[in-house]
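There are 2 protein chains.
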Amino acid sequence: MRDTKPLAPVHTAVALFTIQGTLKLLLLPGEPWRLPGARLKEGESLDACAQRALGEATGVGDVFLEQLYTFTASDRAPGVVVSYYALIPYDRVQICAGSGEWVDPAHWPPTAPGLRQIIDCAAERLVAKLEYAPIAYQFLADRFTLGELQSVYEVIGRRSLDKRNFRRRLRASQHLLETHDTRRGARHRPARLYRLRETEPSIRG
Amino acid sequence: MRDTKPLAPVHTAVALFTIQGTLKLLLLPGEPWRLPGARLKEGESLDACAQRALGEATGVGDVFLEQLYTFTASDRAPGVVVSYYALIPYDRVQICAGSGEWVDPAHWPPTAPGLRQIIDCAAERLVAKLEYAPIAYQFLADRFTLGELQSVYEVIGRRSLDKRNFRRRLRASQHLLETHDTRRGARHRPARLYRLRETEPSIRG
DNA sequence: ACAAAAGTGTTCCTGTTACACCCATGT
DNA sequence: ACATGGGTGTAACAGGAACACTTTTGT
Chain A
-18 MRDTKPLAPV
-8 HTAVALFTIQ
2 GTLKLLLLPG
12 EPWRLPGARL
22 KEGESLDACA
32 QRALGEATGV
42 GDVFLEQLYT
52 FTASDRAPGV
62 VVSYYALIPY
72 DRVQICAGSG
82 EWVDPAHWPP
92 TAPGLRQIID
102 CAAERLVAKL
112 EYAPIAYQFL
122 ADRFTLGELQ
132 SVYEVIGRRS
142 LDKRNFRRRL
152 RASQHLLETH
162 DTRRGARHRP
172 ARLYRLRETE
182 PSIRG
Chain B
-18 MRDTKPLAPV
-8 HTAVALFTIQ
2 GTLKLLLLPG
12 EPWRLPGARL
22 KEGESLDACA
32 QRALGEATGV
42 GDVFLEQLYT
52 FTASDRAPGV
62 VVSYYALIPY
72 DRVQICAGSG
82 EWVDPAHWPP
92 TAPGLRQIID
102 CAAERLVAKL
112 EYAPIAYQFL
122 ADRFTLGELQ
132 SVYEVIGRRS
142 LDKRNFRRRL
152 RASQHLLETH
162 DTRRGARHRP
172 ARLYRLRETE
182 PSIRG
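Chains as they are written, first to last, in our numbering: chain A, -18 to 186; chain B, -18 to 186.
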């Protein structure tokens, strides 16, 4: 309270991912390209601020979101940036259409300095977390086939998986809830549809 | 830039751990008990701010430190708290003597709200990270015996380990550098001393 | 009929666990 | 001499990886 100078702006920045054939990241047009972001309002929680940033930039709401890391704002800009990553199912992607561009996070266009570390950090976390947390489901619609789920793992992990081992492992994970419906219409055998078994998310904040 | 109101104080808070028989956390006396912390200065990096917080509170410097999570400051206090955990070897503990109290992080005295989540988060991370990152060494002196190292794992993991399996596993990890010295003086066979093999730390910020 | 993804078990291999005794020292 | 932690190998077990064929549909 003895000094008012070190008051600094707090921003959130959100790396929004989806899967469209391959893993894609949303960048907002501009010079340079940006991530969705917002300045923290008084009385607002960081999570809420990140959700708001996403909503303002793309119109989507109620998105899976997780805090990544907090950086000191790049260059000599004062303040800090609390980075998040967010995942959105492929069937909600169109909502973001027009608000930005979906790019491959590995080779993206020139962006502001400081974005690179956020994006790398996010991609890294995504790969790591895939193996021990049920986040793959966040890329899928409410009901999905095991083939779709496997494809998510393959795309993010950048390697192909054995179908039988995959199914055994996933069934053992207890996250799957089998429905009695199937998806038909493709020119092959219909695929059983599954749901994510709802469970209490572990608390962090 | 259109609004100056949402400028908010940014603080760091550091949960400093050591091992003294059991895992111990440093709390600073007061009503309520606090963690070492500091307000972010202009132009200062978050890591530097956390190091400074630790230095000002205890006098120690050059400590292993890692960012944990960023919380919105508890209650209705504005601003954010970037939490860190830090590890200090047992042979440097005395430096902190007088500046605070070493308590068991599981059942500690009443503290300010908001501390609990930081401490829990830190303890959780510590246990998890022990299994895949060479952080146990941070609790030990420059040179150490395998017995000491095993004891660190046992204390943090809260379970006893098999001596032979432990040694096999650790030797395979490539983190150990055998010295030609032994530690003697105890009334048993002298123990070989090891060093941590220096390696490039992976970058995060 | 054919193309295309769904679905299903078994074998092998590798890495993890369990376990008991002798050694070198200080007192 | 004895108490104390240091030091060493092997056998059982479990979890992960490799692998091929039949089924059901749409065209």
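Even for Gly, the Cβ is constructed at its ideal location relative to N, Cα and C.
- For K110 of chain B, the uninterrupted alpha helix (DSSP H) run begins and ends at 96 to 111, by DSSP.
- Listed by position along chain B, the residues whose Cβ is nearer than 8 Å to that of P59 of chain A are E23, G24.
- For K22 of chain A, no alpha helix (DSSP H) segment is defined, and its DSSP state is neither H nor E.
- Taking a Cβ-Cβ cut-off of 9 Å, V(-5) of chain A has no neighbours in chain B, whose nearest Cβ is about 14 Å from it.
- S132 of chain B is classed as buried because its beta carbon has at least 16 other beta carbons within 10 Å across all chains shown.
- For the pair of segments examined, the segment 114 to 127 of chain B was found not to touch the segment 21 to 36 of chain B: the number of CB pairs separated by less than 8 Å stays below three.
- C-alpha of P17 of chain A to C-alpha of K110 of chain B: approximately 31 Å in a straight line.
- For I69 of chain B, the three-state secondary structure derived from DSSP is coil.
- Not a single CB atom of chain A sits nearer than 9 Å to the CB of F(-2) of chain B.
- For the options B:G11, B:G138, B:L121, B:T126, the alpha carbon positioned closest to that of R164 of chain B is the one of B:T126.
- Of all residues in the segment 35 to 54 of chain A, those with a C-beta nearer than 9 Å to a C-beta of chain B are Q48, Y50, T51, F52, T53, reading in chain order.
- Judged by DSSP secondary structure, V133 of chain B falls within the alpha helix (DSSP H) whose first and last residues are 127 to 138.
- Cβ proximity to chain B below 8 Å picks out Q98, C102 from the segment 84 to 103 of chain A.
- Taking a 10 Å sphere around the C-beta of I0 of chain B, we find 16 or more other C-beta atoms and assign the residue as buried.
- H(-8) of chain A and R152 of chain B have their C-alpha atoms roughly 45 Å apart.
- The DSSP assignment places 157 to 164, 172 to 177 as complete runs of the beta strand (DSSP E) inside the segment 147 to 177 of chain B, in order along the chain (cut-off: 3 residues).
- In the structure shown, the three-state DSSP call for G42 of chain B is coil.
- Around E129 of chain A, the same chain offers L121 as residues with beta carbons nearer than 7 Å, after the five sequence neighbours per side are excluded.
- Around the CB of P10 of chain A, fewer than 16 other CB atoms lie within 10 Å, so the residue is classed as exposed.
- About 7 Å separates the beta carbons of L27 of chain B and V61 of chain A, which is inside the 8 Å limit, making them a contact pair.
- Excluding the 5 residues flanking it on each side, L(-12) of chain A has no same chain C-beta neighbour closer than 7 Å.
- Residues of chain A whose Cβ lies closer than 7 Å to the Cβ of V(-9) of chain B are, in chain order, A(-11), V(-9), V61.
- The beta carbon of L9 of chain A does not come within 9 Å of any beta carbon belonging to chain B, so the residue lies off that interface.
- When 7 Å is used as the limit between beta carbons, L27 of chain B is near these residues of chain A: T51, T53, V61, in chain order.
- In this structure, the alpha-carbon of P(-10) of chain A lies about 15 Å from that of A58 of chain B.
- With respect to the 9 Å criterion, F147 of chain B and L68 of chain B are not classified as neighbours on the basis of their beta carbons.
- Between R20 of chain B and A93 of chain B a beta carbon distance of about 16 Å is seen, past the 8 Å cut, so the two are scored as non-contacting.
- Residue pairing by DSSP leaves A114 of chain A without any beta bridge partner.
- Here L8 of chain A is buried: its Cβ has 16 or more other Cβ atoms, across all protein chains shown, within 10 Å.
- Take the alpha-carbon of I99 of chain A and the one of Y50 of chain B: they are about 15 Å apart.
- DSSP links S64 of chain B through a beta bridge to B:A(-6), B:Y50.
- Scanning its chain for C-beta atoms nearer than 8 Å, with the 5 sequence neighbours on each side dropped, one finds around Y134 of chain B the residues L111, A117, L142, F147, in chain order.
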